[in-house]
Each structure stands twice: as C-alpha cells, then as structure tokens.
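Structure, as structure tokens:
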Amino acid sequence: MKTIKTLIFCFAATLISSCDNDNNPTNNVCDTTYVSTLITNAFTAANGYNDLTTMDLETHEYTIQINANGEICSVGYQNPSTYTGGYTMEVINTTANTSYSGVHTFSQTTLDYQSITPVLVNSGDIITVKRTILPGYTALNQTVGRLLRKSNNTPVPYPVTQGNAVFLSSNFYGAGGPAPDFAQPYIALGFKVN
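Just so you know, the UniProt record's numbering puts 67 at position 67 of the sequence shown, and the rest follows in order with no gaps.
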C-alpha cells in the first residue's frame with residue numbers, strides 16, 4: 001500500500017511540475033497562452049490600443065517572427081456573438097515552408113484553445129496565422145472578429161516586439177479589402193519550447 005501511495009504522489013508531482021511556462025525544454029508542454037500573452041502585453045490600452053470586435057472581412061491574418069526553437073501546438077480564438085459556425089485556421093511557417101490547415105469552431109464566450117498538428121519553428125522563422133470564415137455565412141456581421149486597434153484609428157506601427165516574438169504585419173481581406181495593418185487580430189497560438 002505504501003508503494004502505491006508513493007507512486008501516486010510521484011505521478012501527481014510530475015503532472016504539476018510539467019505544466020509550466022518557464023521555457024525549460026526538459027519539462028515544457030504546450031503553453032496555450034504563449035502568443036495570447038504576447039498580444040495582450042504588446043497591444044494594451046496603455047500602449048494606445050482598443051480591444052474591439054469588428055472588421056467584417058472574411059480573412060483576418062497576421063505575420064509574426066518567433067525567436068525560439070519549438071513547435072506551434074494549438075490555436076486559440078473566440079467566435080463573435082453573431083456567429084456559431086466554423087473557420088479554416090491556418091498556421092504557415094513561410095521560412096520552412098510547412099503549415100497546418102484545419103476547420104475549427106470556437107466558443108462564443110471565451111478564448112478557446114484547440115490542439116493542432118504541430119508546426120515546427122526554428123528561432124527567427126516567419127509565421128503567418130489566418131482565420132477565414134467558412135462559406136455559407138449569411139450576414140456580414142458574422143465575419144467580424146476580435147482585434148486590437150490603435151485608439152487614434154491609425155495603422156498599427158509594425159514591427160512590434162514583445163518578449164521573444166516580433167509582430168510584423170496584419171491584413172484583412174475577402175468580400176472587400178485588403179486592409180493591411182488595420183489592427184492586430186486576436187488569434188492566439190500555443191507554443192512548446194524545445
């Protein structure tokens with residue numbers, strides 16, 4: 001019985017210690033909040049940004065340089081209150097020419113993270129992240145999404161560096177546009193540091 005208790009304790013301790021985000025490659029798991037934390041810290045009200053749900057175009061995308069070795073292991077998004085359908089989510093490593101594409105539906109009430117087939121990243125790789133609404137939506141207000149827009153309505157002054165990432169550009173298009181650097185889309189990525 002003592003052996004079983006010891007094993008259970010060791011197993012629980014292992015689980016607790018492996019769920020961190022300290023960039024220690026020996027114990028990292030997919031840190032789902034990796035890019036959302038960077039977005040939240042870089043595009044704050046104190047830095048002159050408003051958190052909005054707007055921009056009625058089909059594709060919302062941004063480009064980011066990640067200065068760490070690892071893998072993008074999840075994507076996070078929140079459907080607007082006007083849409084319950086799905087999106088094609090794409091994560092494209094334009095440096096290594098590898099990518100993920102899949103259809104996802106997200107919560108309307110909270111940022112919802114979903115696992116993806118990992119996209120490997122070497123420090124300095126350029127990643128394009130896209131959210132495209134599926135065909136068949138019935139109103140333009142269904143194409144809106146969460147974004148961070150300059151309070152004075154000027155374009156985002158890319159590049160924006162936060163932590164070990166550099167936000168390089170954004171674009172909005174489809175059924176209108178393009179609207180480059182209009183705002184920073186709030187599309188989160190999970191990252192596992194190698």
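Every residue gets a Cβ at the ideal spot worked out from N, C-alpha and C, and that includes glycine.
Since the structure is predicted, the reported quantities are computational estimates derived from the model, not experimental observations.
Short Cβ contact (8 Å threshold) for residue i with residue j
i	j	result
Val156	Ser170	yes
Cys30	Gly163	no
Ala188	Tyr113	yes
Glu71	Ala175	no
residue 195	Arg149	One cannot answer for residue 195 here, as it falls past the ends of the chain, which runs 1 to 194.
Leu134	Tyr186	no
Glu90	Ser101	yes
Nearest to residue i (by Cα), restricted to the options the options
i	options	result
Ile92	Ser81, Ile126, Asn79, Ser107	Ile126
Tyr83	Gln142, Asn153, Arg149	Gln142
Gly145	Phe172, Val103, Pro159, Gly136	Phe172
Tyr87	Ser81, Lys130, Gln65	Lys130
Thr105	Gly85, Ala96, Gln65, Gly136	Gly85
Ile64	Thr128, Ser151, Asp181	Thr128
residue 273	Gly177, Ala183, Gln108, Leu134	Residue coverage of the chain in this structure runs from 1 to 194, which leaves residue 273 outside it and unanswerable.
Pro178	Tyr34, Asp56, Thr33, Ser123	Asp56
Thr37	Gly76, Thr98, Leu52	Gly76
Thr132	Ala165, His60, Tyr158, Thr98	His60
Span separating the alpha-carbon of residue i from that of residue j
i	j	result
residue 196	Phe167	With the chain covering 1 to 194 only, the question about residue 196 has no answer from this structure.
Ile8	Ser115	Any reading at Ile8 must be qualified, since the residue scores a pLDDT of 36, below 50, and its modelled position is unreliable; no value is offered.
Gln78	Asn69	27 Å
Asn67	Thr44	22 Å
Cys73	Val121	11 Å
Ala139	Thr94	32 Å
Thr54	Pro118	29 Å
Val103	Asn152	35 Å
Leu111	Asp181	23 Å
Pro80	Gly124	32 Å
Tyr34	Leu52	21 Å
Thr154	Tyr137	29 Å
Thr32	Ile39	13 Å
Thr109	Ala96	35 Å
Ala165	Tyr158	12 Å
Starting from the N-terminal side, write out each stretch of the beta strand (DSSP E) that is 3 residues or longer and does not extend beyond the segment 58–98. 59–66, 70–77, 87–93
What are the uninterrupted segments assigned as beta strand (DSSP E) that are 3 or more residues long and contained completely in the segment 144–172, given in chain order? 145–150, 160–162
Residue ranges of each beta strand (DSSP E) run of no fewer than 3 residues wholly in the segment 103–134, ordered along the chain? 112–121, 125–133
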